[in-house]
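**Q** In terms of this note's numbering, the first sequence opens at residue 3 and continues consecutively.
Built from N, CA and C at the ideal position, the CB exists for glycine as well.
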Amino acid sequence: MRVVALDFETFFHKKEYSVSKMGNWRYVHDDQFDPYLLTAYDGAESWAGRPEDFNWASVEGDLCIAHNAGFDKSVTEGLVELGRAPEFVVQQPWQCTANMCAFLADVRSLRDSIKVLEKRNISKAIRDDMSGVQWKDLNATEQTAMKEYAVRDAIECHSLWTKYSDRWPEFERNLSSLTMKQCRRGVRINVPLLREYIELLGSVIFELERSLPWTARGAKPTSPIAIAEECATVGIPAPPVKEDDEEGFDLWESTYGPKFAWVYAAGQWRSLRKLLSKFQTIEDRLRPDDTIDFSLLYFGAHTGRWSGGGSGLNFQNFRKVPLFLNKKLQVIKPPTGLSAKLLAAWKAEYVFKSIDERALIIPRAGKKFILADLSQIEPRVLAWLTGNVELLKMLKTMSIYEAFARQNMGWRGGVLKKEDADKYQMSKIQVLGLGFGCGWEKFIKIAAGYDVALTPTESQLIVSGFRETNPRITRFWATLDNAYRKSTKSDFRIGLPSGRELIYHDVRAEIRQKKNRTTGQFESKQVITSEVALRRKELYGGLLAENVTQAAARDVFGEHMLTLEEQTGDVLFHVHDEALMETELEVTTQDVEAVMSVTPDWIEGLPCAAEALEVPHYTK
DNA sequence: GTAGAACGCGCC
DNA sequence: AAAGGGCGCGTTCTAC
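1. Around the C-beta of residue 439, are 16 or more other C-beta atoms found within 10 angstroms, so that it is buried, or is it exposed?
2. Quick one: what's residue 532 bridged to in DSSP?
3. Would residue 41 and residue 153 qualify as a contact pair, given that the criterion is a beta-carbon distance under 8 Å?
4. With a threshold of 6 Å on Cβ separation, who are the neighbours of residue 162 within its own chain once the five nearest residues in sequence on each side are excluded?
5. Buried or exposed for residue 109, going by 16 or more other Cβ atoms inside 10 Å?
6. With a cut-off of 8 Å, do at least 3 Cβ pairs link the stretch 551–570 to the stretch 590–604?
7. Nearest-angstrom Cα distance between residue 555 and residue 264?
8. Please determine if the stretch 568–585 and the stretch 361–379 are in contact, where contact requires at least 3 C-beta pairs separated by less than 8 Å.
9. Who are residue 583's beta bridge partners in DSSP?
10. With burial defined as no fewer than 16 other Cβ atoms inside 10 Å of the residue's Cβ, what is the status of residue 451: buried or exposed?
11. Classify residue 587: buried if its beta carbon has 16 or more other beta carbons within 10 angstroms, exposed otherwise.
12. Hey, would you say residue 49 sits closer than 8 Å to residue 91, going by beta carbons?
13. Exposed or buried, what is residue 646 when buried is set at 16 or more other beta-carbons lying within 10 Å of its beta-carbon?
14. Closer than 8 Å is the cut-off here; do at least three beta carbon pairs connect the stretch 608–620 with the stretch 366–377?
15. Drop a sphere of 10 angstroms on the beta-carbon of residue 305, count the other beta-carbons inside from all chains shown, and report buried for 16 or more, exposed for fewer.
16. Provide the residue span of the beta strand (DSSP E) that contains residue 424, from first to last.
17. On the CB-based measure, 16 or more other CB atoms within 10 Å of its CB, does residue 477 come out buried or exposed?
18. How is residue 18 classed by DSSP in three states: helix, strand or coil?
19. Is it true that the stretch 174–191 meets the stretch 336–345, where meeting means three or more beta-carbon pairs spaced less than 8 Å apart?
20. Helix, strand or coil: which one does DSSP assign to residue 285?
21. So, for residue 406: in the same chain, excluding its five sequence neighbours on each side, which residues have a beta-carbon less than 6 Å away from its beta-carbon?
22. When burial is assigned at 16 or more other CB atoms within 10 Å of the CB, is residue 1 buried or exposed?
23. Within 10 Å of its beta-carbon, does residue 94 have 16 or more other beta-carbons around it, so buried, or fewer, so exposed?
24. Which one of 357, 454, 358 and 467 has the shortest CA to CA distance from residue 409?
25. So, do the stretch 64–78 and the stretch 5–24 have three or more beta carbon pairs nearer to each other than 8 Å?
26. Restricting to Cα atoms, I'd like to know which of 608, 244, 205 and 254 is closest to residue 394.
27. Does DSSP put residue 613 in a helix, a strand or coil?
28. Find the nearest neighbour of residue 222 within the set 188, 272 and 197, judged by alpha-carbon distance.
29. Could you tell me the boundaries of the beta strand (DSSP E) in which residue 216 lies?
30. Under the DSSP definition of a beta bridge, which residues are partnered with residue 45?
31. From this set, 290, 314 and 209, which residue's C-alpha is nearest residue 270's C-alpha?
32. Are the CB atoms of residue 203 and residue 315 nearer to each other than 8 Å?
33. With 16 other CB atoms within 10 Å as the buried threshold, where does residue 551 fall?
This is the structure:
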């Protein structure tokens, strides 16, 4: 099949009008939309000019490629709608060299791709300088320069494909194609509910802002300077930096919160503003059929996971728990650890209104939602990678938490969850929290996230106990750590079960200043660094184990997603191990679970399981 | 004036 | 010797 690289240059304005802020559909359907230049290159000939002057028939039946093909394809669709390009172009296959480069070298932009793969520097200055500039604003010389620049990009894109596409497996290309399809397809929005939420949230934020002592003095709501000044005025210490000292921050909040309501307010304001911005973004992007498109980045993380960015709206961080409001429109939170029944009672008594952002996503007419997640995929993969065959066998008849308790916590009884809920919970936090080398301090925080309070001594005992009774896991860390250290002065490569590789470039032993956690003093420490996605990172055994596990789990999920899309229904979007499906009414949760329970043939012996639920809207 | 660091907050 | 990680985006403030 002949391959044609296409590259559009379109009008943009960095701050007000750009794809990265607006997403593909909204950008293409704005009054300012102006694709003033199209370049094409088929490996022999290049062309540059107005898109409507292009001989589209000449690319019929070709594979169209582009760097960020999701964008160029959207532009083409926009042109089709305007009658300026023929329909067949968007029906034939497209593929994306930016996605290919993300897979091959953990980079996306054309500039970075050429830098890493071709060891050359190309300039994007001409394009960067076009912010806010119209084609007609350019003189003849500038227009020629622009054409030459754009042709060069089309040629670079084509060359990348020619040179490297055979290293991009079919499976990955299919995931890339599916990702582009999902982003364009988008989801249906409950528009009346969206409008209700926007209005309600606006009032909540207004009330909250009014309650801050420093906003009256003209300071910004979350200004750290203004907050520190207020603290000084009332004679309390300023809050510690949360990122550096979370416990200190929590202590500060719980100490002074009861006395000064504004202690919680800055954090709350951030959280609410974030939510409101998201709602407004969704509203801005509504298409005529009440759906919106979104962006998911194929291979957005170096482990291969997708990331949720790229267009100012992240579909991978919808709040799980709704926002609860009392009659005064203040945010309230249920006490931790309530049963479903008690939570319902709490809501009935205290909650005036709630805001559930996940409820905004609803099925299209005549379709239904099935929400499915892959059960404990990471600990299962870790057990597989470390050869814990006995544990994997036990999963045929019990949960991984019960199996772990039998293997490591001396459980000899029946169904653990029913017979000893506390032990079950203790097993769960260990399985989820200790597989990748976390220490006792961090483990206290992880446990707290599951409503389990641990003292330092308890945490230390659990962590050391876990390491003693799980030598396969600690050996796995050590093996990776040793192999990584031995790769100094070269690249470190880890083969994954699916056949692809994780690569850490240019491994180096370095001396860095590190804070000793007990003394608080900085000391010289040796660390082993390497380059990942053009950034130098410190890595060690536990972290490498985590990367490998995450990467392998992603591949398993990818297999399932392709099958689901092919056999079961539309996979609207996904968040690492859960997929929201929009299906025909006759499709059952069992159909979905059956697909997600299949073990890919390259990871024989890994038991996969899934839980699928029919839901009226996206939910936790 | 704008870019980017720093920080905080949302998810798995 | 010990060390959980992977993301994106909104706001504020500093540096250029």
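**A** Checking against the coordinates, here is how it stands:
1. Buried is the call here.
2. Answer by DSSP bridge pairing, in chain order: 539.
3. Their beta carbons are under 8 Å apart, which means residue 41 touches residue 153 by this criterion.
4. Closer than 6 Å at Cβ, skipping near neighbours: 99.
5. Buried is the label assigned to residue 109, since at least 16 other Cβ atoms lie within 10 Å of its Cβ.
6. Taking 8 Å as the limit for Cβ pairs, the verdict is that the stretch 590–604 does touch the stretch 551–570.
7. Near 43 Å, if we compare the C-alpha coordinates of residue 264 and residue 555.
8. Counting C-beta pairs with one atom in each stretch, the stretch 568–585 and the stretch 361–379 have three or more that are closer than 8 Å, which means they touch.
9. DSSP, once it has assigned bridges, lists 372 and 573 as partnering residue 583.
10. Sixteen is the threshold: since fewer than 16 other Cβ atoms of the shown chains lie within 10 Å of the Cβ of residue 451, the residue is exposed.
11. Per the 10 Å Cβ criterion, exposed.
12. Against a cut-off of 8 Å, the Cβ pair of residue 91 and residue 49 comes out as no contact.
13. The chain is shown from 3 up to 622; residue 646 falls before or after that span and cannot be answered.
14. Using a Cβ-Cβ distance cut-off of 8 Å, the stretch 608–620 and the stretch 366–377 are in contact, since at least three pairs of beta carbons, one from each stretch, lie closer than that value.
15. When all chains shown are included, residue 305 counts as buried.
16. Per DSSP, residue 424 belongs to no beta strand (DSSP E); it is in the alpha helix (DSSP H), 423–435.
17. It counts as exposed.
18. Note: residue 18 maps to coil in three-state DSSP.
19. The stretch 174–191 is not in contact with the stretch 336–345.
20. DSSP, read as helix, strand or coil, puts residue 285 in helix.
21. Listed in chain order, the non-local C-beta contacts of residue 406 below 6 Å within the same chain comprise 429 and 433, local neighbours out to five positions each way being set aside.
22. Nothing in the structure corresponds to residue 1, since the chain is present only between 3 and 622.
23. Residue burial is scored here from C-beta neighbours: residue 94 has fewer than 16 other C-beta atoms within 10 angstroms and is therefore classed as exposed.
24. Of 357, 454, 358 and 467, the smallest CA-CA separation from residue 409 is found for 467.
25. Yes, since at least three Cβ pairs between the stretch 64–78 and the stretch 5–24 fall closer than 8 Å, the two stretches touch.
26. Checking every option, the nearest Cα to that of residue 394 belongs to 608.
27. Strand, per DSSP.
28. Residue 222 has its Cα closest to that of 272, out of 188, 272 and 197.
29. Residue 216: not part of any beta strand (DSSP E); DSSP gives it neither H nor E.
30. DSSP output for residue 45 lists no bridge partner at all.
31. Among 290, 314 and 209, the Cα nearest to that of residue 270 is on 209.
32. Contact flag unset, no.
33. Residue 551 is buried by the Cβ-count criterion.
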